[in-house]
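**Q** To convert, take the position in the sequence shown, counting from 1, and add 1; that gives my numbering. Ideal Cβ positions, reconstructed from N, Cα and C, are used throughout, including at glycine. Below is one structure. I have some questions about it.
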Amino acid sequence: MSVVGTARTGIEALELMPKVKPDVICTDLMMPKMNGLELTRAIMSSTPKPILVISACVQDEDKNNVFQLLDAGAVDVFPKPRSGNIEDYEMITQKLLTRIRVLSGVKVFTKRSQNISPILTNNGIPVKINRDNTNNTVSSTFVKGIKVLAIASSTGGPQAFQEVLSQFPANFPVPVLCVQHISTGFLDGFINWLKQYCHLSVVVAQTGDSPRKGYIYFPPERQHLQLDAQGRFYCVEGVAVDGHCPSATVLFQNVARFYGSASIGVLMTGMGRDGALGLLTLKQKGAYTIAQDEATSIVFGMPQEAIRLGASKIVLPLPEIAPKIMEIIT
């Protein structure tokens, strides 16, 4: 791996790009003259490249602003290290290098999904959708027996979750349980960002609560999303499964154990193999299982492994996942 160029400002970066032709661009949000958001927009409108946001803002009060870069076309977010511990620094460095290697081979999607935009106030600040005023509804009668939807993703997941979850109406009849592989400090900003686009309430699951329709649940940071014998949330720090905590496989296996065939499982874009075995467990229990296709996956790792195992009943491009779910449950 080689660093082919460095720039102090976004303007310098734009001028440098045609000369060095990078495979991946790493940018901060806060830069002089042209910030990371402006740079990302300029790159994606001229010479699209995989963009990784590396920013301390992921852990600051203004970390929500980082997600504007995902809207503009950036692929992923990585937090700057805060600790001065050399061991922590070396570990984070290796994680960053791995992330860059993966992104060097990803597809770049320049067109955002239609009809996915936050409501803005007069001063341009995004606000949460008014869930009481939407024409998108499902039938008041759903008789197919589905009681829960479980979705998981990794690299490219924020954009995939945005597209899928934003299509569910306010009266979506089952709870939605989700896992997204995220860096520490990323969760609150991710949830606040999703709230701008979703008709359902997006929340962090709390141990002891029961899943309820009208809600989209994510586990607390560094905790698996599990269900106890009564189907209540049991969130706990545990051993990483397939390298991750929270783990998609842990979620899917818990849903399979408690809900069985009355569930839908969806595995979307992401590197690695987390979720594949869990999706297979769901399918073996009679659940309807979906894997995202290669053409629309930013990283075709997790869904590819699920397909290889025969864990998916159907393979779909991202824009067709939400409509298929609506078809199944209504």
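Under the assumption that Leu53 contacts Ile12 (Cβ atoms under 8 Å), give the Cβ distance between them as a whole number of angstroms.
**A** The Cβ separation is near 20 Å, so there is no contact.
**Q** Once the 5 residues before and after Gly287 are set aside, which same chain residues still bring their CB inside 8 Å of it?
**A** Gly261 and Ser262
**Q** Whole angstroms is fine: what's the gap from Val240's alpha carbon to Cys246's?
**A** Whole-angstrom Cα-Cα distance: 7 Å.
**Q** Less than 8 Å between the beta carbons of Leu283 and Ala307, yes or no?
**A** no
**Q** Would you mind listing the beta strand (DSSP E) stretches within the region 297–325 that are 3+ residues and don't spill past its ends, in chain order?
**A** Runs found: 315–317.
**Q** Mind checking Lys50: buried by the 16 CB within 10 Å criterion, or exposed?
**A** buried
**Q** By the 10 Å Cβ neighbour count, where 16 or more other Cβ atoms means buried, how is Ala296 classified, buried or exposed?
**A** exposed
**Q** Gln227 and Tyr235 - do their beta-carbons sit closer together than 8 Å?
**A** yes
**Q** With a threshold of 16 other CB atoms inside 10 Å of the CB of Tyr289, please say whether the residue is buried or exposed.
**A** buried
**Q** Measure the Cβ-Cβ separation of Gly273 and Gly232 and say whether it is below 8 Å.
**A** In this structure, Gly232 does not lie closer than 8 Å to Gly273 by Cβ.
**Q** Which residue marks the beginning of the alpha helix (DSSP H) containing Gly37, and which one marks its end?
**A** Gly37 to Ser47
**Q** Helix or strand or just coil, what does DSSP make of Gln190?
**A** Sequence check: residue 190 is Gly here, not Gln. Gly190: helix per DSSP, three-state reduction.
**Q** Which runs of the beta strand (DSSP E) spanning at least 3 residues fall entirely within the region 179–259, listed in chain order?
**A** 202–205, 216–219, 225–228 and 234–237
**Q** Express the C-alpha separation of Gln163 and Leu195 in angstroms, rounding to a whole number.
**A** 6 Å
**Q** Quick one: give me the first and last residue of the beta strand (DSSP E) that Thr290 is part of.
**A** According to the DSSP assignment, Thr290 belongs to the beta strand (DSSP E) that extends over Tyr289 to Gln293.
**Q** Looking at C-alpha atoms only, which residue of Glu16, Leu17, Leu70 and Leu15 is the closest neighbour of Leu38?
**A** Leu70
**Q** Measuring only the C-alpha atoms, how far is Cys27 from Val103?
**A** Using only the alpha carbons, I get a separation of about 13 Å.
**Q** What does the alpha-carbon distance come out to for the pair Thr185 and Glu222?
**A** Approximately 7 Å, taken between the alpha carbons.
**Q** Candidates Ser298, Arg309, Thr270 and Met35: which alpha carbon is nearest Leu281's?
**A** Arg309
**Q** Considering only C-alpha positions, which residue in the set Leu30, Asp29 and Val5 is nearest to Met18?
**A** Of Leu30, Asp29 and Val5, the residue nearest in Cα terms is Val5.
**Q** According to DSSP, which residues form a beta bridge with Val54?
**A** Thr28 and Val78
**Q** Assign Leu188 to buried or exposed, taking buried as 16 or more other Cβ atoms, counted over all protein chains shown, within 10 Å of its Cβ.
**A** buried
**Q** Could you work out which residue in Glu88, Asp275 and Ala323 is closest to Phe301 when comparing CA atoms only?
**A** Asp275
**Q** Excluding five sequence neighbours on each side, which residues of the same chain lie with their C-beta closer than 7 Å to the C-beta of Phe259?
**A** Leu228 and Gly232
**Q** Tell whether a beta-carbon distance below 8 Å holds between Ile315 and Thr270.
**A** no
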